[in-house]
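> First residue of the sequence shown: 14, per my numbering; consecutive thereafter. Backbone N, C-alpha and C fix where the C-beta goes; we use that ideal spot for every residue, glycine too. Provided herewith is a single structure, encoded as structure tokens, for subsequent inquiry.
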Amino acid sequence: MEKKGPQVLTRRSFVKAASSTGVALSLPMTNLRSAYAQGAGRAGVLRVMPQADLKVLDPIWTTAAITLEHGYLIYDKLFERNAAGIPQPQMAESHTVSDDRLTHEITLRDGLQFHDEAPVTAADVVQSLKRWGQRDSFGTQLFAVVSGIEAVDDKTVRITLSEPFPGMEMALSSIRGNPPFIMPARVAETPIDEQITEYVGSGPFMFREDLWRRGSLVVYDKAPMYVPRDEPQDGYAGGKVAHFDRIEFVYIPDYNTALNAIAAGETDIWELLPNDYVPVIGAMPGVTAVRGMPAYGMFRPNSLFPPFDNPKARQALLHLIDQRELLTAITGDPEFFEVCPSYFACMGPYAFADEVPQSTVDIDRAKALLEEAGYDGSPVVVLDTTNIAALHTASLYLAQQLREAGMNVDLQAMDWGTTISRYPQKKGAADGGWSIFATYTSAVDTVSPLVHRYINSGEKAEPGWPQDDTVEELRTAWLATTDEAERVSLAKALQERTFETVPYIPWGQFYTARARRENIENFYGEAPVPIYWGITRAG
Numbered sequence: 014m015e016k017k018g019p020q021v022l023t024r025r026s027f028v029k030a031a032s033s034t035g036v037a038l039s040l041p042m043t044n045l046r047s048a049y050a051q052g053a054g055r056a057g058v059l060r061v062m063p064q065a066d067l068k069v070l071d072p073i074w075t076t077a078a079i080t081l082e083h084g085y086l087i088y089d090k091l092f093e094r095n096a097a098g099i100p101q102p103q104m105a106e107s108h109t110v111s112d113d114r115l116t117h118e119i120t121l122r123d124g125l126q127f128h129d130e131a132p133v134t135a136a137d138v139v140q141s142l143k144r145w146g147q148r149d150s151f152g153t154q155l156f157a158v159v160s161g162i163e164a165v166d167d168k169t170v171r172i173t174l175s176e177p178f179p180g181m182e183m184a185l186s187s188i189r190g191n192p193p194f195i196m197p198a199r200v201a202e203t204p205i206d207e208q209i210t211e212y213v214g215s216g217p218f219m220f221r222e223d224l225w226r227r228g229s230l231v232v233y234d235k236a237p238m239y240v241p242r243d244e245p246q247d248g249y250a251g252g253k254v255a256h257f258d259r260i261e262f263v264y265i266p267d268y269n270t271a272l273n274a275i276a277a278g279e280t281d282i283w284e285l286l287p288n289d290y291v292p293v294i295g296a297m298p299g300v301t302a303v304r305g306m307p308a309y310g311m312f313r314p315n316s317l318f319p320p321f322d323n324p325k326a327r328q329a330l331l332h333l334i335d336q337r338e339l340l341t342a343i344t345g346d347p348e349f350f351e352v353c354p355s356y357f358a359c360m361g362p363y364a365f366a367d368e369v370p371q372s373t374v375d376i377d378r379a380k381a382l383l384e385e386a387g388y389d390g391s392p393v394v395v396l397d398t399t400n401i402a403a404l405h406t407a408s409l410y411l412a413q414q415l416r417e418a419g420m421n422v423d424l425q426a427m428d429w430g431t432t433i434s435r436y437p438q439k440k441g442a443a444d445g446g447w448s449i450f451a452t453y454t455s456a457v458d459t460v461s462p463l464v465h466r467y468i469n470s471g472e473k474a475e476p477g478w479p480q481d482d483t484v485e486e487l488r489t490a491w492l493a494t495t496d497e498a499e500r501v502s503l504a505k506a507l508q509e510r511t512f513e514t515v516p517y518i519p520w521g522q523f524y525t526a527r528a529r530r531e532n533i534e535n536f537y538g539e540a541p542v543p544i545y546w547g548i549t550r551a552g
């Protein structure tokens with residue numbers, strides 16, 4: 014029998030195949046034969062199909078959204094942001110600032126307890142912030158000007174600065190990145206290059222480690238010792254009231270099985286469904302699709318190792334991506350995406366999208382830049398996250414474009430939990446590491462130099478580890494000024510520089526899709542990280 018060679022996938026055929034709906038409108042509503050399906054629909058249990066399997070439990074060690082969800086369930090923070098994005102006191106009762114803006118004192122509110130019933134003290138806060146300040150983008154910016162942090166007494170934290178830091182409450186209410194969750198001091202003493210091994214929280218739910226089934230089930234029980242604030246919930250801020258006795262994360266990687274589960278009422282919320290399932294959900298009784306967070310996509314190269322340690326090789330990537338083609342393949346609907354070639358989200362004030370190179374493909378230019386970079390044909394390892402539809406589609410597209418540019422692509426399939434375990438490793442492809450991967454973050458996390466951690470350089474950088482002193486100088490200058498005209502000028506200069514250094518390749522903005530049973534109310538669908546306090550079940 015004649016053996017056929019590998020089929021060549023063109024950009025045109027890729028888009029046609031990826032954007033076609035392969036889901037039948039009529040699916041059998043079979044019951045899931047598993048332990049977690051028993052007792053479905055009980056009033057006290059909310060069943061959620063999360064976007065990924067929970068594998069990493071330390072929200073200061075990784076920025077993975079599933080780990081942050083875990084963090085928001087079991088921990089609390091000094092400040093939280095309301096629906097308008099304005100920081101509000103959460104664990105804090107008050108925050109005072111000296112006239113010279115160099116001394117901040119934060120007093121804790123009464124009744125704060127950890128899940129082991131020990132009181133939350135200022136010493137716990139100090140140690141938690143110290144660890145957070147070594148990892149998070151916002152935290153490293155803040156701690157660069159912290160000259161002292163101490164517990165004045167059991168309820169008062171004093172932070173002394175070497176120069177004013179106007180974003181103090183914004184930093185302490187960070188939603189994404191590594192949020193400054195408050196842990197017991199003994200846990201927060203864990204070295205930053207190690208993951209915590211004890212999960213005693215300070216928030217509205219308790220993690221049931223004894224019921225954790227890796228790859229299938231994560232359980233959280235309502236924390237009876239948690240005292241919510243009196244104010245109504247407003248975004249992440251206000252009273253974190255747990256209306257369910259238990260939250261169960263039921264991980265179902267197969268999309269058709271997940272669709273059956275929510276249609277049959279065996280689960281209540283589907284966090285991240287493929288966009289081409291939206292019309293299917295819309296045709297189902299008792300289920301509704303909601304538009305999720307505005308997301309900002311990027312391809313993140315490994316800037317420490319060949320071939321992408323050479324900026325010419327990274328610049329070549331800019332000539333391989335047609336955002337409209339890729340976003341059409343991912344969403345299938347122009348209402349769900351926006352072409353955005355800017356290094357700052359196009360929903361923000363510093364996008365300057367009309368002043369940057371447009372998202373067009375020029376294979377010849379990419380090849381020329383790779384030749385200038387000295388690319389020698391060595392394998393390029395692309396981490397392909399197969400269980401998140403948008404990332405899988407983006408990875409396939411990237412791999413095809415790299416091949417068209419003459420690169421030797423090693424596409425390695427894995428789930429998101431494995432991806433987030435791989436990408437913090439500072440290894441090149443030749444040593445079992447990686448070269449590039451697709452990811453996305455909430456668009457609100459990329460609107461300005463204040464919050465955009467993916468343009469960080471050097472020791473502050475996210476995995477990918479770009480190195481450029483000019484970027485850090487421009488960013489530091491932006492943070493130091495309060496003059497908006499100067500900020501606009503610096504942001505433009507920063508964006509011009511990033512198109513030279515290419516810390517990542519933007520692939521546009523799009524909206525994720527989520528689904529819920531229609532009897533689930535008060536679900537904050539557009540939250541950058543889903544939250545599960547405040548949700549109720551009608552009837």
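#1: Buried or exposed: lysine 439, going by 16 or more other Cβ atoms within 10 Å of its Cβ?
#2: What is the rounded straight-line gap between the Cα of isoleucine 401 and the Cα of aspartate 243?
#3: Can you list, in chain order, the residues of its chain whose CB lies under 7 Å from that of arginine 221, leaving out five sequence neighbours each side?
#4: Near isoleucine 518, which residues of its chain fall below 7 Å by C-beta distance, leaving aside the five closest residues on each side in sequence?
#5: Measure the alpha-carbon distance for arginine 337 versus valine 352 and round it to whole angstroms.
#6: Reducing DSSP to helix, strand and coil, say where tyrosine 88 ends up.
#7: Just the Cα atoms here: how many angstroms apart are alanine 157 and arginine 416?
#8: By the three-class DSSP mapping on this structure, what secondary structure does tryptophan 447 have?
#9: Relative to the alpha-carbon of glutamate 207, which residue among Gly445, Thr109 and Leu70 has its alpha-carbon at the smallest distance?
#10: Quick check on leucine 121: does DSSP put it in helix, strand or coil?
#11: Looking only at its chain, what residues have a beta carbon closer than 7 Å to the beta carbon of glycine 161, apart from the 5 residues adjacent to it on each side?
#12: Out of curiosity, what's the CA-to-CA distance linking proline 479 and proline 516?
#13: Beta-carbon within less than 6 Å of glutamate 475's beta-carbon, same chain only, minus the 5 sequence neighbours each way: which residues are those?
#14: Ignore the nearest five residues each way along the sequence and tell me which others in histidine 83's own chain have a CB closer than 8 Å to its CB.
#15: What are the boundary residues of the alpha helix (DSSP H) that methionine 238 is part of?
#16: In terms of DSSP beta bridges, what is phenylalanine 350 paired with?
#17: Using DSSP with H/G/I as helix, E/B as strand and the rest coil, what is serine 316?
#18: Report the three-state DSSP secondary structure of methionine 183 (helix, strand or coil).
#19: Between the beta-carbon of threonine 398 and the beta-carbon of tryptophan 429, is there less than 8 Å?
#20: Verify whether the separation of the beta carbon atoms of valine 61 and threonine 270 is less than 8 Å.
#21: Measuring alpha carbon to alpha carbon, tell me which residue in Val200, Thr134 and Met183 is nearest valine 457.
#22: Should aspartate 481 go down as buried or exposed, given a rule of 16 or more other Cβ atoms within 10 Å for buried?
#23: Provide the residue(s) that pair with isoleucine 260 in DSSP beta bridges, ordered along the chain.
#24: Note down, in chain order, each residue of its chain lying with its Cβ closer than 6 Å to the Cβ of lysine 29, except the 5 sequence neighbours on either side.
#25: Could you give the distance in angstroms between the alpha-carbon of arginine 144 and the alpha-carbon of threonine 153?
#26: Just how far apart, CA to CA, sit valine 501 and tyrosine 453?
#27: If the criterion is Cβ atoms closer than 8 Å, does the pair proline 314 and glycine 445 meet it?
#28: How many Å lie between leucine 224 and isoleucine 260 at the Cα?
#29: Which whole runs of the beta strand (DSSP E) in the stretch 443–494 are 3 residues long or more, in chain order?
#30: Give the range of the beta strand (DSSP E) segment to which phenylalanine 218 is assigned.
#31: Does DSSP classify tryptophan 289 as helix, strand or coil?
#32: For phenylalanine 318, I'd like the list of residues in its chain whose CB is within less than 6 Å of its CB, leaving aside the five on either flank, ordered along the chain.
#33: Using a 10 Å radius around the Cβ and a threshold of 16 neighbouring Cβ atoms, would you call glutamate 93 buried or exposed?
#34: Identify, in the order they occur along the chain, each residue of the same chain with its Cβ nearer than 7 Å to the Cβ of lysine 168, setting aside the five sequence neighbours on each side.
#35: Sort Ser107, Leu272 and Glu534 by Cα distance to glycine 295 and report the nearest one.
#36: Less than 7 Å between C-beta atoms, sequence neighbours within five positions excluded: which residues of the same chain meet that for alanine 250?
From the atom records:
#1: Classification for lysine 439: exposed.
#2: So the two alpha carbons sit approximately 38 Å from each other.
#3: Only Val232, Tyr233 and Asp234 meet the Cβ criterion.
#4: Here the set comprises Met311, Phe312, Leu330, Leu331 and Ile334.
#5: C-alpha separation (whole angstroms): 6 Å.
#6: Looking at tyrosine 88 - three-state DSSP - the assignment turns out to be coil, as it is neither helix nor strand.
#7: Counting only the Cα atoms, arginine 416 lies some 42 Å from alanine 157.
#8: Coil at tryptophan 447, not helix or strand.
#9: When only C-alpha atoms are compared, the closest one is Leu70.
#10: Correct three-state label for leucine 121: strand.
#11: Around glycine 161: Thr173.
#12: It is roughly 6 Å from the alpha-carbon of proline 479 to the alpha-carbon of proline 516.
#13: The residues are Arg466 and Tyr467.
#14: Correct list, in chain order: Leu67, Leu70, Pro72, Phe220 and Val231.
#15: Here methionine 238 belongs to no alpha helix (DSSP H), and DSSP marks it neither H nor E.
#16: In the DSSP assignment, the residues bridged to phenylalanine 350 are Phe523.
#17: If DSSP states are grouped into helix, strand and coil, serine 316 belongs with coil.
#18: In the displayed model, methionine 183 falls within a helix according to three-state DSSP.
#19: Closer than 8 Å, so yes.
#20: Not in contact: valine 61 and threonine 270 (Cβ atoms no closer than 8 Å).
#21: Of the candidates Val200, Thr134 and Met183, the residue whose Cα lies closest to the Cα of valine 457 is Met183.
#22: So aspartate 481 ends up on the buried side.
#23: For isoleucine 260, DSSP records a beta bridge to Leu59 and Tyr233.
#24: Its pLDDT being 45, under 50, lysine 29 is placed unreliably by the model, and nothing is read from it.
#25: Roughly 10 Å between the two C-alpha positions.
#26: Between valine 501 and tyrosine 453, the alpha-carbon positions lie close to 25 Å from each other.
#27: No. Outside cutoff.
#28: C-alpha of leucine 224 to C-alpha of isoleucine 260: approximately 12 Å in a straight line.
#29: DSSP runs (the beta strand (DSSP E)) wholly in the stretch 443–494: 449–455.
#30: Looking at the DSSP string, the run of the beta strand (DSSP E) that includes phenylalanine 218 is 218–220.
#31: It is worth fixing the name first, because residue 289 is aspartate in this sequence and not tryptophan. In the structure shown, aspartate 289 sits in a helix (DSSP, three-state: H, G or I).
#32: Excluding positions up to five away in sequence, the list reads Gly441.
#33: Around the Cβ of glutamate 93, a 10 Å sphere holds 16 or more other Cβ atoms; the residue is buried.
#34: Take lysine 168, set aside five residues on each side of it, and the residues of its chain with a beta-carbon closer than 7 Å to its own are Thr120, Leu121 and Ala135, in chain order.
#35: In terms of Cα proximity to glycine 295, the closest of Ser107, Leu272 and Glu534 is Leu272.
#36: Result list for alanine 250: Glu93, Arg94, Asn95, Gln101 and Gln103, in chain order.
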